[in-house]
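Undergrad:
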Amino acid sequence: LTLGRREAGSVIEGARIYLAGGRTGNQVSGLVLSAPIDEEGRPGKWRLEAEMPFPMRRPIVQAWKGTLWVIGGGNGSSTKWVAAGKIGREGVIQGWQRVETDLPEPVTEGTAARAGGRFLLLGGRDARNYGKTLTDVYWLEPHLG
1254 LTLGRREAGS VIEGARIYLA GGRTGNQVSG LVLSAPIDEE GRPGKWRLEA EMPFPMRRPI
1314 VQAWKGTLWV IGGGNGSSTK WVAAGKIGRE GVIQGWQRVE TDLPEPVTEG TAARAGGRFL
1374 LLGGRDARNY GKTLTDVYWL EPHLG
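When you read off a place in the sequence shown, starting at 1, and then add 1253, the result is the number in the working numbering.
1) Between the C-alpha atoms of G1278 and R1258, what's the straight-line distance to the nearest angstrom?
2) Rank M1305, S1287 and L1393 by C-alpha distance to the C-alpha of G1370 and give the top, closest one.
3) Identify whether E1266 lies in helix, strand or coil by the three-state DSSP scheme.
4) Going by beta-carbon coordinates alone, are G1377 and E1362 separated by less than 7 Å?
5) R1403 by DSSP, collapsed to three states: which one?
6) To which residues of the same chain is P1316 closer than 6 Å at the C-beta, ignoring the five residues directly before and after it?
7) Shortest alpha-carbon distance to P1357 belongs to which of A1336, D1389 and V1281?
8) Which residues share a DSSP beta bridge with T1332?
9) Start and end of the beta strand (DSSP E) containing P1289?
10) So, with DSSP's three-state summary, where would you put R1311?
11) In the DSSP assignment, find the unbroken beta strand (DSSP E) run with L1321 in it and report its ends.
12) For G1348, which residues of its own chain have a beta-carbon under 8 Å away from its beta-carbon, when the five flanking residues on both sides are left out?
13) Buried or exposed, going by whether 16 or more other CB atoms sit within 10 Å of the CB of T1332?
14) Please name the residue or residues paired with L1327 in a DSSP beta bridge.
15) I'd like to know whether the C-beta atoms of V1314 and G1275 end up nearer to each other than 7 Å.
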């Protein structure tokens, strides 16, 4: 990695790994890094991608149909925000937009699985409510505006 990072989200899309948000030192970051992955699963040289519209740590990160999705996360408290970054040629993120579809409740440290055009969100934590652990499971159908 070009920068030390913790509390980031990651996903593999195509032959690249993406690392979104997290902390560098004590700063919450909106930076996104990516690297190619060879046939044996080793990452190549990391590069800086377009920065997310907001800094976020512990986000849920997924990819689907050429879009990188950053779901929830935290920056002082949990958030309901969802952001989408279009992945272009050679895996370059061509820009970000905040998605109109917010989560039903703020979530950080959650996880997700993708089925078709929907994400099944599972558990997580609500940092606003003294770190309440969530038992919720629900579908998110994100729509780009």
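For every residue, glycine included, the Cβ atom is placed at its ideal position computed from N, Cα and C.
TA: This is what the structure gives:
1) Position 25 of the sequence shown, counted from the start, is the residue given in the question as residue 1278. Position 5 of the sequence shown, counted from the start, is the residue given in the question as residue 1258. Distance between the alpha carbons of G1278 and R1258: 8 Å.
2) For the purposes of this step, residue 1370 is taken as residue 117 along the sequence shown, with counting starting at 1. Among M1305, S1287 and L1393, the Cα nearest to that of G1370 belongs to L1393.
3) On the sequence shown, residue 1266 is found 13 positions in, with the first residue counted as 1. E1266: strand per DSSP, three-state reduction.
4) Looking up residue 1377 in the sequence shown gives position 124. Looking up residue 1362 in the sequence shown gives position 109. Yes, the Cβ-Cβ distance between G1377 and E1362 is below 7 Å.
5) Examination of residue 1403 is not possible in this model, given that the chain is present from 1254 through 1398 alone.
6) Within the sequence shown, the letter at position 63 stands for residue 1316. Correcting the residue type first, residue 1316 is Ala in the shown sequence and not Pro. Excluding sequence neighbours, A1316 sits near V1264 and E1266.
7) Translated into the one-based positions of the sequence shown, residue 1357 becomes position 104. When only C-alpha atoms are compared, the closest one is D1389.
8) Taking the sequence shown and counting its residues from 1, one reaches residue 1332 at position 79. Bridge partners of T1332: V1360.
9) If you number the sequence shown from 1, residue 1289 lands on position 36. Taken as a continuous stretch (DSSP letters only), the beta strand (DSSP E) holding P1289 covers V1285 to P1289.
10) As a working note, residue 1311 is residue 58 in the sequence shown. Residue state, collapsed to three classes: coil.
11) On the sequence shown, position 68 is the one that residue 1321 refers to. Segment T1320 to I1324, the beta strand (DSSP E) holding L1321.
12) By one-based count along the sequence shown, residue 1348 stands at place 95. Result list for G1348: A1303, G1338 and K1339, in chain order.
13) Here residue 1332 refers to the residue found at position 79 of the sequence shown. That one is buried.
14) If you number the sequence shown from 1, residue 1327 lands on position 74. What sits at residue 1327 in the sequence shown is Gly, not Leu. The partner list for G1327 (beta bridge, DSSP) reads R1310 and S1331.
15) Walking along the sequence shown from the start, residue 1314 turns up at place 61. Walking along the sequence shown from the start, residue 1275 turns up at place 22. It is not a contact, given that the beta carbons lie outside the stated cut-off.
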